[in-house]
């Protein structure tokens, strides 16, 4: 159960709106008269805490703006979203453009968070000119602001490439041109290194959800990996693996239960590195409460056949290789993560009955992950949305080691096996199925498979497709099972194309710079747009 302090951390506060502007277009918007003034606000440590909480609120605002982490899977081969209202469908179909609402909102959300962080960093020391608290947490607050600014920039550079780079509070004339991605990455890696020095390994209960040393290091390692700094990534991620708390106990570990990892009753366990915290009865928060509606009642999010077929048999072999696979009973003897992640025809619907697809179940399947679907949590869940977890650190280090060209196969295999051998999963080890003396290409294939099935519906697939440059082979037409056939007893698994898709590899690895930014930023013109938009 969350405390009110944690609610404050991820909910709007009055100061949040005046902590900065989202992008150049927002310079045309007047400041509200019912908000605190920056010049007079930064006078006490308590106000500094409130201001930092406003930056965390920026992480949540992608949810409040009808944009959800899970949406990114709708833009990949993992999922199909039938509605155009959320703006994901065009990115899956390859029809997105500079006027796409999703890209605009994502851009604005990033710069809103960055501007808040810059305002805090520029004014934090003023809070201590007259206020001298018994416990001075100034450097921790500074580190939290650095972490969050790096988090927002890491997303913007991943999705848009070169973007305007602000490290000071923006002014009415402060628009900037696009900065090279490499320059931004270098700075945010330095910021994260500095943040890690000041952030604690753990927090007391009232501060759960804040950035920790492990979160700063994990994000740094992720950015290094995504930018092909393989040696550096391997080293940084090893620091996370070796991290210990004050008692000498390893800080992070694989949580034994996979399904429960994504349910509120098991939150804040030692696999979680950074997440978005939610509370019951805070209906304005969005996803955590509305997921039941979108998934269970409206079927907005539909798993694809491609994802369902990606899970191996319990033998550790793919369905194309294992002779026991039966296409008429495709979900028998499969990787347990399949059942924990997807509600398949005639399986338990999460409420003690069989799931029978209807015409609204466009792929004949639903999502099981993230929600227990009981009446007690219907549209009032407090499930946290995980952004970084320890399993990701293990697979990222394994990938970085192999890609670096200098690795011990036994260590790489051990990292992968920790994922496969989670007690609730217990898939066969790499040695048992794939053998030993594997090539780097074989190891990379294993890691990529594990990433897809382990992190389905956690928003990582879109970045994996981008950095692995596998768009043309993955972003093909999406298939589902015909609902009318899947509803039969026994189900008939008749495949059909549920969404026509295309991928332009000269264009689609980056999102378009929003047209609003081009219209209002004098330093960004049509010629500065990402290629082929």
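Numbering (this note's numbering), first residue to last: 792 to 1324.
Note that beta-carbon positions come from the ideal geometry of N, C-alpha and C, so glycine has one too.
Thinking C-beta only, is residue 1302 closer than 7 Å to residue 951?
-> For the purposes of this step, residue 951 is taken as residue 160 along the chain shown, with counting starting at 1. For the purposes of this step, residue 1302 is taken as residue 511 along the chain shown, with counting starting at 1. For residue 951 and residue 1302, yes; Cβs fall inside 7 Å.
Under three-state DSSP, which class holds residue 954?
-> Sequence index remark: in the chain shown, residue 954 carries index 163 (1-based). If DSSP states are grouped into helix, strand and coil, residue 954 belongs with the strands.
If we call anything under 7 Å between Cβ atoms a contact, is residue 1278 one with residue 1094?
-> Residue numbering aside, residue 1278 sits at position 487 when the chain shown is read from its first letter. Residue numbering aside, residue 1094 sits at position 303 when the chain shown is read from its first letter. No, the pair does not count as a contact, with Cβ atoms beyond the cut-off.
Three-pair Cβ contact test at 8 Å for the region 1208-1224 versus the region 1179-1195 = Yes, they touch.
Kindly indicate which residue of 845, 866, 1117 has the alpha-carbon position closest to the one of residue 903.
-> As a working mapping, residue 903 is identified with position 112 in the chain shown. Nearest option by C-alpha distance: 845.
Mind checking whether residue 871 and residue 1290 have CB atoms under 7 Å apart?
-> Stepping through the chain shown from its first residue, residue 871 is reached at position 80. Stepping through the chain shown from its first residue, residue 1290 is reached at position 499. Contact flag set, yes.
Mind checking whether residue 935 and residue 1069 have CB atoms under 7 Å apart?
-> Walking along the chain shown from the start, residue 935 turns up at place 144. Walking along the chain shown from the start, residue 1069 turns up at place 278. The answer is no: Cβ separation not under 7 Å.
Limits of the beta strand (DSSP E) - the one that residue 1178 falls within = Taking the chain shown and counting its residues from 1, the one referred to as residue 1178 is at position 387. DSSP places residue 1178 in the uninterrupted beta strand (DSSP E) bounded by 1176-1180.
Would you mind sorting residue 887 into buried or exposed? The rule is 16 or more other CB atoms within 10 Å of its CB.
-> For the purposes of this step, residue 887 is taken as residue 96 along the chain shown, with counting starting at 1. It is buried - the Cβ of residue 887 has at least 16 other Cβ atoms within 10 Å.
Excluding sequence positions up to five away, which residues of its chain have a Cβ less than 8 Å from the Cβ of residue 1057?
-> Within the chain shown, numbered from 1, the residue matching residue 1057 stands at position 266. So the list reads 1046, 1048, 1051, once near-sequence residues are dropped.
CA-CA distance, residue 1318 and residue 829?
-> Counting from one through the chain shown, the residue named residue 1318 turns up at place 527. Counting from one through the chain shown, the residue named residue 829 turns up at place 38. For the pair residue 1318 and residue 829, the Cα-to-Cα distance works out to about 36 Å.
Could you tell me the distance, in whole angstroms, from the CA atom of residue 1250 to the CA atom of residue 891?
-> Locating residue 1250 in the chain shown gives position 459, counting from the first residue. Locating residue 891 in the chain shown gives position 100, counting from the first residue. A direct Cα-Cα distance of roughly 19 Å separates residue 1250 from residue 891.
Are the beta-carbon atoms belonging to residue 867 and residue 1253 less than 7 Å from one another?
-> Sequence index remark: in the chain shown, residue 867 carries index 76 (1-based). Sequence index remark: in the chain shown, residue 1253 carries index 462 (1-based). With respect to the 7 Å criterion, residue 867 and residue 1253 are classified as neighbours on the basis of their beta carbons.
Output yes or no for whether 7 Å exceeds the beta carbon distance between residue 1283 and residue 1276.
-> As a first step, residue 1283 must be located in the chain shown, where it is residue number 492. As a first step, residue 1276 must be located in the chain shown, where it is residue number 485. Their beta carbons are under 7 Å apart, which means residue 1283 touches residue 1276 by this criterion.
Exposed unless 16 or more other CB atoms sit within 10 angstroms - verdict on residue 1066 | For this step, residue 1066 is matched to residue 275 along the chain shown. Buried is the call here.
Return the CA-CA distance between residue 1322 and residue 1083, expressed in angstroms with no decimal places.
-> For this step, residue 1322 is matched to residue 531 along the chain shown. For this step, residue 1083 is matched to residue 292 along the chain shown. Their Cα atoms are separated by approximately 39 Å.
Do residue 1161 and residue 1021 have their CB atoms nearer than 7 Å?
-> On the chain shown, residue 1161 is found 370 positions in, with the first residue counted as 1. On the chain shown, residue 1021 is found 230 positions in, with the first residue counted as 1. At the C-beta level, residue 1161 and residue 1021 stay beyond 7 Å of one another.
Between the Cα of residue 1314 and the Cα atoms of 1027, 954, 1090, which residue gives the shortest distance?
-> As a first step, residue 1314 is located in the chain shown; it is residue number 523 there, counting from the start. Here the closest residue by C-alpha is 954.
Please state whether DSSP places residue 1270 in a helix, a strand or coil.
-> In the chain shown, the residue the question calls residue 1270 occupies position 479. Strand, per DSSP.
Between the CA atoms of residue 1308 and residue 894 - distance to the nearest angstrom = Looking up residue 894 in the chain shown gives position 103. Looking up residue 1308 in the chain shown gives position 517. Approximately 11 Å, taken between the alpha carbons.
Relative to the alpha-carbon of residue 1156, which residue among 1121, 838, 1233, 1228 has its alpha-carbon at the smallest distance?
-> In the chain shown, the residue the question calls residue 1156 occupies position 365. Put simply, of 1121, 838, 1233, 1228 the residue whose alpha carbon is nearest the alpha carbon of residue 1156 is 1121.
Give me the Cα-Cα distance between residue 910 and residue 1039, rounded to the nearest whole angstrom.
-> Along the chain shown, read from residue 1 onward, the residue named residue 910 stands at position 119. Along the chain shown, read from residue 1 onward, the residue named residue 1039 stands at position 248. Taking the straight line from one Cα to the other gives about 37 Å.
Beta-carbon spacing of residue 873, residue 1153 below 7 Å | Numbered from 1 along the chain shown, position 82 holds the residue referred to as residue 873. Numbered from 1 along the chain shown, position 362 holds the residue referred to as residue 1153. Taking the C-beta atoms as reference points, residue 1153 is found nearer than 7 Å to residue 873.
Have a look at 1222, 1146, 1142, 899 and flag the residue whose alpha-carbon is nearest the alpha-carbon of residue 1164.
-> For the purposes of this step, residue 1164 is identified with residue 373 of the chain shown, where counting begins at 1. Minimum Cα distance to residue 1164 is reached at 1142.
Is it the case that the Cβ atoms of residue 1234 and residue 1184 are separated by a distance below 7 Å?
-> Indexing the chain shown from 1 puts residue 1234 at position 443. Indexing the chain shown from 1 puts residue 1184 at position 393. Result no, Cβ atoms of residue 1234 and residue 1184 do not sit closer than 7 Å.
How would you call residue 1019, buried or exposed, if buried means at least 16 neighbouring beta carbons within 10 angstroms?
-> In the chain shown, the residue the question calls residue 1019 occupies position 228. By the 10 Å Cβ count, residue 1019 comes out exposed.
Would you report the Cα separation of residue 796 and residue 837, rounded to the nearest angstrom?
-> To locate residue 796, count along the chain shown from 1; it is residue 5. To locate residue 837, count along the chain shown from 1; it is residue 46. In this predicted model, residue 796 has a pLDDT of only 47, less than 50, meaning its place in the structure is not dependable enough to derive any value.
When we look at the beta-carbon of residue 1214 and count the other beta-carbons within 10 Å, is it buried (16 or more) or exposed?
-> Here the question's residue 1214 lines up with position 423 in the chain shown. Looking at its Cβ environment, which holds fewer than 16 other Cβ atoms inside 10 Å, residue 1214 is exposed.
State the Cα-Cα distance for the pair residue 1330 and residue 948, rounded to the nearest angstrom.
-> Residue 1330 is absent from the model: the chain starts at 792 and stops at 1324.
Does the separation of the CB atoms of residue 1181 and residue 1043 fall below 7 Å?
-> By one-based count along the chain shown, residue 1181 stands at place 390. By one-based count along the chain shown, residue 1043 stands at place 252. It is a contact, given that the beta carbons lie within the stated cut-off.
Tell me residue 1065's beta-bridge partners as DSSP assigns them.
-> Indexing the chain shown from 1 puts residue 1065 at position 274. For residue 1065, which the question treats as bridged, DSSP gives the partners 1179.
Taking DSSP as the reference, what is the three-state secondary structure of residue 1093?
-> Here residue 1093 corresponds to residue number 302 of the chain shown, with the count starting at 1. Per DSSP, reduced to three states, the secondary structure at residue 1093 is strand.
Residues near residue 1060 by beta carbon distance below 8 Å, same chain, minus five either side = Translated into the one-based positions of the chain shown, residue 1060 becomes position 269. Here the set comprises 1046, 1052.
Once you ignore the five residues that flank residue 1286 on each side, which residues in its own chain have a CB closer than 8 Å to its CB?
-> Locating residue 1286 in the chain shown gives position 495, counting from the first residue. Closer than 8 Å at Cβ, skipping near neighbours: 1096, 1270, 1271, 1272, 1273.
Residue burial classification, residue 1123 (beta-carbon count within 10 angstroms, cutoff 16) = Here residue 1123 corresponds to residue number 332 of the chain shown, with the count starting at 1. Per the 10 Å Cβ criterion, exposed.
When 862, 985, 982, 944 are compared against residue 761, the one with the closest alpha-carbon | Here the chain comprises residues numbered 792 to 1324, so residue 761 is not present and cannot be evaluated.
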